[in-house]
Amino acid sequence: MSAKQLTARVIVLSAILVMVVDTIYMNLNGLYDGNHAKCIIFKSMPKWSFYLLENVAELFIVVILGVMIGVIAEQYFRKIKRFYPKNQLLAFAYGSILPVCSCGVVPLIDSMKRRTSLKVIITFVCAAPLLDPYIIFLSYTVLGIKYVIIRIISSFLLSFAAGWIVELLVKRLKWDNWTDNGTCARQCDFVADRDPFVKTMKITRKLLPYILFAGLLSFGFAMFDTKELLHQFNLNAEPLSAMIMTAFGVPIYMCHGADVIFLKPFLQYTDMSIGSAMAFSLSSSAICISSIVMLSKFLGKRVAGLLTAVICVLIILLSILINWIV
299 MSAKQLTARV IVLSAILVMV VDTIYMNLNG LYDGNHAKCI IFKSMPKWSF YLLENVAELF
359 IVVILGVMIG VIAEQYFRKI KRFYPKNQLL AFAYGSILPV CSCGVVPLID SMKRRTSLKV
419 IITFVCAAPL LDPYIIFLSY TVLGIKYVII RIISSFLLSF AAGWIVELLV KRLKWDNWTD
479 NGTCARQCDF VADRDPFVKT MKITRKLLPY ILFAGLLSFG FAMFDTKELL HQFNLNAEPL
539 SAMIMTAFGV PIYMCHGADV IFLKPFLQYT DMSIGSAMAF SLSSSAICIS SIVMLSKFLG
599 KRVAGLLTAV ICVLIILLSI LINWIV
């Protein structure tokens, strides 16, 4: 084994170990976004350094894991191509059982874009961070069956509609070269290395500028503590409330059901509607500042910007519809 292979293995396996330990520690101690008081690391270091570590280092680890999954999936599905999702229904089903966040799922785009349509890719990218068995279980135990049903239906409608609308607009705008515009297609697709660990690190190095920019941007929002501002607004004034929750949800990095924990006191002790709550869950999970930056690398800046705008509009419309029906 060469030094390059050994180094790649150490970095990737260390990232996996850190993520596993962190996930176990967070679940055992009830630590989620916005609840750092019981965290040993948070108590032992300055606030700014903790948020820098959380937003930059954690994003780096998440991206490594996402790229690794993408590399393995690409190698596997090259042999069994029929298992790639060929339509939006399969894309939603696949995404709903994959336990990755919005940043972790983005690198998977690279192995999909040569084998399926844009709407299928968008559906998969939206569905993966919104649903998985753990999130459904957590949602049921914390917020109840009503929230679970609405979340599943809303996730399906958002993922399906976003994929269909974005592909339609891309065709209407004649962005036929979106697969080459600002993506990794020419740099990352065919990295000449059979070792999945080495290939993972090569692709990750090309993403480093985006990881740093996205992490520092998220760090800025964390230091500003945008969550506290939510208490200053009337959370029952629709559709203004849905717009506010969507606007706050996009920059706030929430993954693995953290939005569910965050919403519990708002639904219990404020006049927040279920539609506004769902707007926050969808916007903070389906897409965030970090994933937008990553999407610009894999889909191109134009498509990433278009997708972000479409998702925000759809979330607000879904929130209004939920409040009208429920």
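Per the working numbering, residue 299 is the first one in the sequence shown, and the count goes up by one each step. Just so it is clear, CB atoms sit at the ideal spot from N, CA and C, and this is done for glycine as well. All figures in this text were calculated on a predicted structure; none of them were measured in a lab.
Taking just the CA atoms, how far does residue j sit from residue i?
i	j	result
V318	N327	14 angstroms
V624	F495	49 angstroms
R484	S409	Caution is warranted here: a pLDDT of 40 is assigned to R484, below 50, making its placement in the model unreliable, and no coordinate value can be reported.
M543	D430	23 angstroms
R625	N385	The displayed coordinates of the chain run from 299 to 624. Any statement about residue 625 would go beyond what the structure contains.
T439	L304	43 angstroms
N621	I572	7 angstroms
L388	V361	24 angstroms
V446	C610	21 angstroms
I391	L455	According to the sequence provided, residue 391 is Ala. The question's Ile does not apply to it. Rounded to the nearest angstrom, the two C-alpha atoms are 13 angstroms apart.
N325	A425	23 angstroms
S300	A313	20 angstroms
S539	S574	6 angstroms
F340	D557	20 angstroms
F511	E356	13 angstroms
A565	D493	What sits at residue 565 in the sequence shown is Leu, not Ala. Whole-angstrom Cα-Cα distance: 48 angstroms.
I338	L466	49 angstroms
P537	I309	46 angstroms
C482	F596	Low local confidence applies: a pLDDT of 43 at C482 is under 50, so the model's placement there is unreliable, with the coordinate-based value given in what follows. Using only the alpha carbons, I get a separation of about 6 angstroms.
L616	F358	32 angstroms
I550	F560	11 angstroms
L311	V418	31 angstroms
V608	P383	22 angstroms
T321	W473	40 angstroms
W346	K562	27 angstroms
R449	K302	44 angstroms
I367	K444	33 angstroms
Tell me whether residue i is buried or exposed, calling it buried when 16 or more other Cβ atoms sit within 10 Å of its Cβ.
i	result
I407	buried
I451	exposed
Y323	exposed
V365	buried
V403	buried
D569	exposed
G442	exposed
S594	buried
A577	buried
S579	buried
M343	exposed
L604	buried
F522	exposed
R412	exposed
P405	buried
L363	buried
Nearest to residue i by alpha carbon, out of the options?
i	options	result
I587	G518, V440, L471	G518
G598	V611, T544, L538, V468	V468
R600	L471, L387, V558	L471
V423	F435, G393, T414	G393
L350	I614, S539, I509	I509
L416	F511, T439, V548, I463	I463
V548	S582, V403, A313	S582
F348	G513, L593, L604	G513
A306	L580, I501, W346, F596	I501
T606	W473, L466, A460	A460
I433	V418, T414, L396, I419	L396
L506	M592, K345, T414, W346	M592
Is residue i near residue j, with beta carbons less than 7 angstroms apart?
i	j	result
A584	L428	yes
A602	I590	yes
L520	N353	The sequence given here places Ala at residue 520; Leu does not occur at that position. Against a cut-off of 7 angstroms, the Cβ pair of N353 and A520 comes out as a contact.
M541	I614	yes
V316	T498	no
T421	S457	yes
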